[in-house]
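Peer 1: One structure, as structure tokens, below. Some questions next.
4 protein chains.
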Amino acid sequence: MSTSLRGGQAREDQLLSATLEVLREVGYNRLTVDAVVSRAHASKATVYRRWPSKSDLIVAAFMNATRDLPAERDTGALRGDLLGALEDLLDEMDRFGDVMMDLLGELGRNPELASTIRDGYIATRRQNLIGAFARAKDRGEIPADVDVQPLWDLAPAVIFFRRYNMGEEVDAEDVRVLVDDVVLPLAFRFSAG
Amino acid sequence: MSTSLRGGQAREDQLLSATLEVLREVGYNRLTVDAVVSRAHASKATVYRRWPSKSDLIVAAFMNATRDLPAERDTGALRGDLLGALEDLLDEMDRFGDVMMDLLGELGRNPELASTIRDGYIATRRQNLIGAFARAKDRGEIPADVDVQPLWDLAPAVIFFRRYNMGEEVDAEDVRVLVDDVVLPLAFRFSAG
Amino acid sequence: MSTSLRGGQAREDQLLSATLEVLREVGYNRLTVDAVVSRAHASKATVYRRWPSKSDLIVAAFMNATRDLPAERDTGALRGDLLGALEDLLDEMDRFGDVMMDLLGELGRNPELASTIRDGYIATRRQNLIGAFARAKDRGEIPADVDVQPLWDLAPAVIFFRRYNMGEEVDAEDVRVLVDDVVLPLAFRFSAG
Amino acid sequence: MSTSLRGGQAREDQLLSATLEVLREVGYNRLTVDAVVSRAHASKATVYRRWPSKSDLIVAAFMNATRDLPAERDTGALRGDLLGALEDLLDEMDRFGDVMMDLLGELGRNPELASTIRDGYIATRRQNLIGAFARAKDRGEIPADVDVQPLWDLAPAVIFFRRYNMGEEVDAEDVRVLVDDVVLPLAFRFSAG
DNA sequence: TCATAAGCGAGACGGTACGTCGTGTCTTACG
DNA sequence: CGTAAGACACGACGTACCGTCTCGCTTATGA
Numbered sequence: 015m016s017t018s019l020r021g022g023q024a025r026e027d028q029l030l031s032a033t034l035e036v037l038r039e040v041g042y043n044r045l046t047v048d049a050v051v052s053r054a055h056a057s058k059a060t061v062y063r064r065w066p067s068k069s070d071l072i073v074a075a076f077m078n079a080t081r082d083l084p085a086e087r088d089t090g091a092l093r094g095d096l097l098g099a100l101e102d103l104l105d106e107m108d109r110f111g112d113v114m115m116d117l118l119g120e121l122g123r124n125p126e127l128a129s130t131i132r133d134g135y136i137a138t139r140r141q142n143l144i145g146a147f148a149r150a151k152d153r154g155e156i157p158a159d160v161d162v163q164p165l166w167d168l169a170p171a172v173i174f175f176r177r178y179n180m181g182e183e184v185d186a187e188d189v190r191v192l193v194d195d196v197v198l199p200l201a202f203r204f205s206a207g
Numbered sequence: 015m016s017t018s019l020r021g022g023q024a025r026e027d028q029l030l031s032a033t034l035e036v037l038r039e040v041g042y043n044r045l046t047v048d049a050v051v052s053r054a055h056a057s058k059a060t061v062y063r064r065w066p067s068k069s070d071l072i073v074a075a076f077m078n079a080t081r082d083l084p085a086e087r088d089t090g091a092l093r094g095d096l097l098g099a100l101e102d103l104l105d106e107m108d109r110f111g112d113v114m115m116d117l118l119g120e121l122g123r124n125p126e127l128a129s130t131i132r133d134g135y136i137a138t139r140r141q142n143l144i145g146a147f148a149r150a151k152d153r154g155e156i157p158a159d160v161d162v163q164p165l166w167d168l169a170p171a172v173i174f175f176r177r178y179n180m181g182e183e184v185d186a187e188d189v190r191v192l193v194d195d196v197v198l199p200l201a202f203r204f205s206a207g
Numbered sequence: 015m016s017t018s019l020r021g022g023q024a025r026e027d028q029l030l031s032a033t034l035e036v037l038r039e040v041g042y043n044r045l046t047v048d049a050v051v052s053r054a055h056a057s058k059a060t061v062y063r064r065w066p067s068k069s070d071l072i073v074a075a076f077m078n079a080t081r082d083l084p085a086e087r088d089t090g091a092l093r094g095d096l097l098g099a100l101e102d103l104l105d106e107m108d109r110f111g112d113v114m115m116d117l118l119g120e121l122g123r124n125p126e127l128a129s130t131i132r133d134g135y136i137a138t139r140r141q142n143l144i145g146a147f148a149r150a151k152d153r154g155e156i157p158a159d160v161d162v163q164p165l166w167d168l169a170p171a172v173i174f175f176r177r178y179n180m181g182e183e184v185d186a187e188d189v190r191v192l193v194d195d196v197v198l199p200l201a202f203r204f205s206a207g
Numbered sequence: 015m016s017t018s019l020r021g022g023q024a025r026e027d028q029l030l031s032a033t034l035e036v037l038r039e040v041g042y043n044r045l046t047v048d049a050v051v052s053r054a055h056a057s058k059a060t061v062y063r064r065w066p067s068k069s070d071l072i073v074a075a076f077m078n079a080t081r082d083l084p085a086e087r088d089t090g091a092l093r094g095d096l097l098g099a100l101e102d103l104l105d106e107m108d109r110f111g112d113v114m115m116d117l118l119g120e121l122g123r124n125p126e127l128a129s130t131i132r133d134g135y136i137a138t139r140r141q142n143l144i145g146a147f148a149r150a151k152d153r154g155e156i157p158a159d160v161d162v163q164p165l166w167d168l169a170p171a172v173i174f175f176r177r178y179n180m181g182e183e184v185d186a187e188d189v190r191v192l193v194d195d196v197v198l199p200l201a202f203r204f205s206a207g
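Just so you know, the protein sequences line up as chains A, B, C and D, in that order. Following our numbering, the residues of the first sequence are numbered contiguously, the last one being 207. Following our numbering, the residues of the second sequence are numbered contiguously, the last one being 207. Following our numbering, the residues of the third sequence are numbered contiguously, the last one being 207. Following our numbering, the residues of the fourth sequence are numbered contiguously, the last one being 207.
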């Protein structure tokens with residue numbers, strides 16, 4: 015019940031919120047620790063005591079904001095599960111789009127950051143998709159001899175590519191086409207197409 | 015035939031080469047304009063006269079190095095064309111991997127740079143794939159009612175995602191699986207699978 | 015009693031000392047802020063936080079070094095007072111000669127600097143001379159109807175002119191001649207010449 | 015009668031005029047060769063072919079503008095000669111005041127410039143004063159045993175000091191006082207005062 | 001009359017210093 | 001003790017200016 019602990023937690027949240035705000039406003043490159051510190055009425059020492067570098071701070075802010083996993087949905091059919099999980103992805107992209115783009119770009123420059131993001135963010139999101147395929151196979155929806163592993167990342171890959179590399183908008187209809195015309199036919203071997 | 019133009023060109027090339035060298039050695043973040051300038055026995059003014067900022071310089075160096083398009087291959091069959099084009103992509107990734115990763119990350123921060131890269135680099139590479147599908151359709155290899163557009167970026171998307179977002183190595187065998195198990199079945203509706 | 019203030023003061027003194035050293039070694043024109051900074055094991059920001067430009071820094075270094083006024087001498091006779099004050103001037107010229115020459119030249123280019131130097135340096139030195147004449151008049155050494163004001167700057171003017179405009183050396187004997195043959199005859203109306 | 019020579023001469027004058035204009039507008043420090051060149055619609059090579067450095071150019075411009083010596087006046091009396099010569103000095107100060115101040119300051123930084131200015135400018139002006147004293151002595155106006163050499167520079171020294179070091183205005187009345195109350199009494203040993 | 005050279009405007013260039021900014025460390029004083 | 005405030009060393013940035021250089025163009029003499 016110590017105030018200092020809760021205070022510490024609360025302070026941490028304030029710092030991360032301020033970081034996220036600044037991140038949204040000016041992007042990774044132009045974010046300065048001074049700006050964060052000034053917005054949070056904090057001191058640089060307070061920041062650096064917790065996160066040893068600017069990029070740690072930013073990653074922490076991102077991880078904190080995306081801490082809540084989208085709930086795993088079980089609609090009873092692969093199609094519904096996929097559409098649900100991918101819509102969650104789209105949602106998060108809408109809310110953290112530019113920040114994610116920023117961070118994705120940072121991955122190549124910062125291996126530590128990369129593994130944090132991959133293990134802490136991407137991997138957790140992927141679980142929902144892996145789960146969807148696993149349930150479909152358990153249900154017999156997918157033929158037993160189909161290797162689903164290559165299908166896991168198909169839809170996210172295309173969504174990421176279009177959005178982050180090609181700079182295109184991706185909406186629910188695009189996702190539906192992707193699921194119905196690409197992923198499901200491969201999963202079902204056209205038997206249900 | 016003017017020497018001045020070629021002289022200017024030559025200087026530019028030297029500067030871009032030096033930039034690329036430094037880029038390869040220390041990466042985007044630790045590249046300094048001073049290092050480039052010193053390697054090229056040039057002056058900062060000479061650099062900044064051409065490229066208004068460090069990132070412009072780096073992009074120019076990348077675009078210059080990847081100016082030469084991989085030749086379009088026509089093997090007479092979609093499979094061969096795809097494998098060829100994707101191997102070229104893999105090759106280029108091997109040669110410019112880290113730099114590309116760096117630049118990809120820059121896209122989200124710099125819209126101008128993004129369109130330069132997209133129009134000048136990605137779009138040109140995509141042409142080879144688009145061409146491969148078009149020829150296959152002309153030959154009747156692909157059923158007339160199959161919409162090939164969603165298939166263009168499928169393979170590159172997966173390759174980019176695995177390599178740049180997931181940090182995995184991608185080799186020729188992975189590409190072969192991708193083509194044989196994902197792209198071609200969709201293109202041929204399993205008829206030739 | 016705050017250590018921070020003294021600490022700040024101390025740092026300032028170190029910076030100004032380093033500045034003066036470099037100034038002595040290479041002169042105003044070839045002094046670089048980087049050299050100062052490197053000698054003081056300081057950072058450019060630390061310098062520029064205090065003095066907005068290189069010339070401000072140099073002036074501050076000069077003012078700091080000449081902060082200590084030469085003691086006012088009272089020998090009981092005008093001649094002794096004058097010779098004493100002028101010898102002090104010569105001394106200071108020997109110690110800060112080139113720097114003063116440098117700064118003198120800066121006066122015409124920088125009005126703010128000019129008033130700083132005039133009020134903070136020249137005016138304080140002149141006080142000793144003014145005092146000498148005042149005491150002489152009080153003692154009755156100088157006839158009551160002699161206007162001494164034109165005599166105040168006579169000797170310094172000649173010394174400055176010879177040294178800084180004509181580039182000649184000026185020594186104690188020159189000063190003696192100046193006092194005995196020019197200033198005193200005018201002050202005493204030749205009565206005591 | 016060659017056009018090239020006259021052209022060369024004319025071009026030289028244009029360059030020096032442009033230099034003087036810029037010098038008047040922004041002063042020695044902020045004058046840039048590029049600004050001069052641009053104003054004269056000339057090329058840097060054209061300037062540097064004639065004057066090897068910026069300061070040479072500026073000195074040349076000054077020397078060119080003050081090429082015309084004030085005529086030596088012979089009023090038949092020392093007082094008139096002195097007042098005449100000093101008024102000429104005041105005139106020139108009015109016309110080239112700031113530039114002279116600038117250059118004077120530069121003397122301490124640039125020995126070559128210093129001797130050029132001293133021999134080419136100051137020395138020539140001093141001739142008029144030296145001549146005035148010589149004629150007065152020849153005429154018997156000044157006692158034969160008076161050493162006039164210390165008197166030569168007395169008035170100019172005071173005028174320079176007041177104007178350039180103290181930043182005061184000096185007008186004809188000041189000069190008159192200087193002559194009547196300082197120089198002439200010393201020259202005449204008060205016999206004519 | 002023409003060509004060959006010399007001077008020129010334009011402006012790129014190497015170099016050097018400037019003054020600014022950001023990071024991560026560290027110190028001071030307060031609560 | 002943890003914190004706000006902010007100074008500090010380091011190092012890169014992008015700008016400005018100097019003095020050198022190269023480029024074509026124009027002009028002006030000498031074959």
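Think of the CB as a built atom: it goes at the ideal place given N, C-alpha and C, for glycine as much as any other residue.
Which runs of the alpha helix (DSSP H), 4 residues or longer, sit entirely within the region 49-75 of chain B?
Peer 2: 58-64
Peer 1: According to the Cβ coordinates, are Leu37/B and Leu29/B closer than 9 Å?
Peer 2: Here residue 37/B is taken as the residue at index 23 of the second sequence, counted from 1. Here residue 29/B is taken as the residue at index 15 of the second sequence, counted from 1. The answer is no: Cβ separation not under 9 Å.
Peer 1: Quick one: list the residues of chain A neighbouring Phe174/B, beta-carbon separation under 7 Å, in chain order.
Peer 2: As a first step, residue 174/B must be located in the second sequence, where it is residue number 160. The answer, in chain order, is Phe175 and Asn179.
Peer 1: Hey, is Asp105/D's beta-carbon within less than 9 Å of any beta-carbon in chain C?
Peer 2: Within the fourth sequence, residue 105/D is the residue found at index 91, counting from 1. It does not: the Cβ of Asp105/D has no partner Cβ on chain C nearer than 9 Å.
Peer 1: Answer with yes or no whether the minimum CB distance from Pro157/D to chain C is below 9 Å.
Peer 2: Here residue 157/D refers to the residue found at position 143 of the fourth sequence. No, Pro157/D does not count as interfacial toward chain C.
Peer 1: Are Ile131/B and Val73/B touching if we call contact CB-CB under 9 Å?
Peer 2: The count along the second sequence starts at 1 and reaches residue 131/B at position 117. The count along the second sequence starts at 1 and reaches residue 73/B at position 59. Result yes, Cβ atoms of Ile131/B and Val73/B sit closer than 9 Å.
Peer 1: Taking Cβ positions only, does Ile144/C come closer than 9 Å to chain D?
Peer 2: The residue you call residue 144/C lines up with position 130 of the third sequence. Ile144/C does not count as touching chain D.
Peer 1: Rounded to the nearest angstrom, what separates Ala146/A and Val160/A at their Cα positions?
Peer 2: Looking up residue 146/A in the first sequence gives position 132. Looking up residue 160/A in the first sequence gives position 146. Straight-line Cα distance between these residues: approximately 15 Å.
Peer 1: Between the region 84-103 of chain D and the region 180-197 of chain D, are three or more C-beta pairs nearer than 8 Å?
Peer 2: yes
Peer 1: Of all Cβ atoms in chain B, is any one closer than 9 Å to the Cβ of Glu35/A?
Peer 2: Walking along the first sequence from the start, residue 35/A turns up at place 21. So no, Glu35/A is outside the interface.
Peer 1: Write down the C-beta distance between Gly122/D and Tyr135/C rounded to the nearest angstrom, noting that I regard them as a contact closer than 8 Å.
Peer 2: Indexing the fourth sequence from 1 puts residue 122/D at position 108. Indexing the third sequence from 1 puts residue 135/C at position 121. Rounded, the Cβ-Cβ distance is 16 Å, inconsistent with contact.
Peer 1: Reducing DSSP to helix, strand and coil, say where Thr46/B ends up.
Peer 2: Against the second sequence, residue 46/B aligns to sequence position 32. Of the three classes helix, strand and coil, the one that applies to Thr46/B here is coil, per DSSP.
Peer 1: Identify every run of the alpha helix (DSSP H) within the region 78-144 of chain B, keeping only runs that are complete inside it and at least 4 residues long; order them along the chain.
Peer 2: Counting whole runs of 4 or more residues, the region 78-144 of chain B contains the alpha helix (DSSP H) stretches 92-121 and 125-131.
Peer 1: If we ignore side chains and look at the alpha-carbon of each, how far apart do Arg39/C and Asp185/C end up?
Peer 2: The residue you call residue 39/C lines up with position 25 of the third sequence. The residue you call residue 185/C lines up with position 171 of the third sequence. Per the sequence presented here, residue 39/C reads as Glu, with Arg not at that position. Rounded to the nearest angstrom, the two C-alpha atoms are 24 Å apart.
Peer 1: For Tyr42/D and Ser57/C, what's the separation of their Cα atoms in angstroms?
Peer 2: Along the fourth sequence, read from residue 1 onward, the residue named residue 42/D stands at position 28. Along the third sequence, read from residue 1 onward, the residue named residue 57/C stands at position 43. Approximately 29 Å between the Cα atoms of the pair.
Peer 1: Excluding five sequence neighbours on each side, which residues of the same chain lie with their C-beta closer than 7 Å to the C-beta of Arg203/C?
Peer 2: Within the third sequence, numbered from 1, the residue matching residue 203/C stands at position 189. Excluding sequence neighbours, Arg203/C sits near Pro157 and Val160.
Peer 1: Residues in its own chain within less than 8 Å of Phe110/A by CB, not counting five upstream and five downstream?
Peer 2: Here the question's residue 110/A lines up with position 96 in the first sequence. Excluding sequence neighbours, Phe110/A sits near Phe76, Ala79 and Thr80.
Peer 1: Mark Thr33/A as exposed unless 16 or more other C-beta atoms lie within 10 angstroms of its C-beta, in which case mark it buried.
Peer 2: Residue mapping note: residue 33/A aligns to position 19 of the first sequence, counting from 1. That one is buried.
Peer 1: Are the C-beta of Ile136/B and some C-beta of chain A separated by less than 9 Å?
Peer 2: Against the second sequence, residue 136/B aligns to sequence position 122. So, interface residue.
Peer 1: With 9 Å as the C-beta to C-beta threshold (strictly closer), list the residues of the region 159-170 of chain C near chain D in chain order.
Peer 2: Asp161, Pro164, Leu165, Asp167, Leu168 and Pro170
Peer 1: Residues in the region 25-53 of chain B with C-beta within 8 Å of chain A's C-beta atoms, listed in sequence order?
Peer 2: Gly41, Tyr42 and Asn43
Peer 1: Can you list the residues of chain D that Val73/C reaches, using a CB-CB cut of under 8 Å?
Peer 2: If you number the third sequence from 1, residue 73/C lands on position 59. Chain D residues near Val73/C: none, gap ~13 Å exceeds 8 Å.
Peer 1: Using the Cβ count rule (16 or more neighbours within 10 Å means buried), how would you classify Leu143/A?
Peer 2: Taking the first sequence and counting its residues from 1, one reaches residue 143/A at position 129. Buried, because 16 or more other Cβ atoms sit within 10 Å of the Cβ of Leu143/A.
Peer 1: Could you list which residues in chain C have their beta carbon closer than 9 Å to that of Met209/D, in chain order?
Peer 2: Summary: the structure shown does not reach residue 209/D, with chain D confined to residues 15 through 207, and so no result is reported for it.
Peer 1: As a quick exercise: from Leu103/D, Glu35/D and Thr138/D, pick the residue whose alpha carbon is nearest that of Val189/D.
Peer 2: Here residue 189/D is taken as the residue at index 175 of the fourth sequence, counted from 1. Ranking Leu103/D, Glu35/D and Thr138/D by Cα distance to Val189/D puts Leu103/D first.
Peer 1: Quick one: Cα of Val197/A to Cα of Pro170/A, how far?
Peer 2: Taking the first residue of the first sequence as 1, we reach residue 197/A at position 183. Taking the first residue of the first sequence as 1, we reach residue 170/A at position 156. Cα to Cα, the separation comes out at about 11 Å.
Peer 1: Does any C-beta atom of chain B lie closer than 9 Å to the C-beta of Asp102/A?
Peer 2: Within the first sequence, residue 102/A is the residue found at index 88, counting from 1. No, Asp102/A does not count as interfacial toward chain B.
Peer 1: Alpha carbon to alpha carbon, how far is Leu83/D from Arg139/D?
Peer 2: Here residue 83/D refers to the residue found at position 69 when the fourth sequence is read from its first residue. Here residue 139/D refers to the residue found at position 125 when the fourth sequence is read from its first residue. Rounded to the nearest angstrom, the two C-alpha atoms are 7 Å apart.
Peer 1: What whole-angstrom Cβ distance do Asp167/C and Phe175/D have, given they're in contact under 8 Å?
Peer 2: Locating residue 167/C in the third sequence gives position 153, counting from the first residue. Locating residue 175/D in the fourth sequence gives position 161, counting from the first residue. Asp167/C to Phe175/D, Cβ: 6 Å. Contact.
Peer 1: At a CB-CB cut-off below 9 Å, which residues of chain A make contact with Pro199/B?
Peer 2: Residue numbering aside, residue 199/B sits at position 185 when the second sequence is read from its first letter. Here the neighbours are Pro199, Leu200, Arg203 and Phe204.
Peer 1: Leaving out five residues on either side along the sequence, give the residues of the same chain with a beta carbon under 8 Å from the beta carbon of Arg20/A.
Peer 2: Residue mapping note: residue 20/A aligns to position 6 of the first sequence, counting from 1. For Arg20/A, the pLDDT reaches just 46, beneath the cut-off of 50, and the residue's location in the model is therefore unreliable, although a value from the coordinates is still provided. Nothing meets the Cβ criterion.
Peer 1: List the endpoints of the continuous alpha helix (DSSP H) containing Ala158/A.
Peer 2: Reading the first sequence from its first residue, position 144 is the one you call residue 158/A. Taken as a continuous stretch (DSSP letters only), Ala158/A belongs to no alpha helix (DSSP H), as it is neither H nor E.
Peer 1: Looking only at C-alpha atoms, which of Gly119/D, Asp70/D, Met180/D and Gln141/D sits nearest to Glu126/D?
Peer 2: For the purposes of this step, residue 126/D is taken as the residue at position 112 of the fourth sequence. Nearest of Gly119/D, Asp70/D, Met180/D and Gln141/D to Glu126/D, Cα basis: Asp70/D.
Peer 1: Rounding to the nearest angstrom, what Cα-Cα distance links Lys274/C and Met180/D in this structure?
Peer 2: The displayed coordinates of chain C run from 15 to 207. Any statement about residue 274/C would go beyond what the structure contains.
Peer 1: Give the residues of chain B in contact with Arg132/A, contact being defined as C-beta atoms less than 9 Å apart.
Peer 2: Taking the first sequence and counting its residues from 1, one reaches residue 132/A at position 118. Near Arg132/A (Cβ distances below 9 Å), the residues of chain B are Asn179, Met180 and Gly181.
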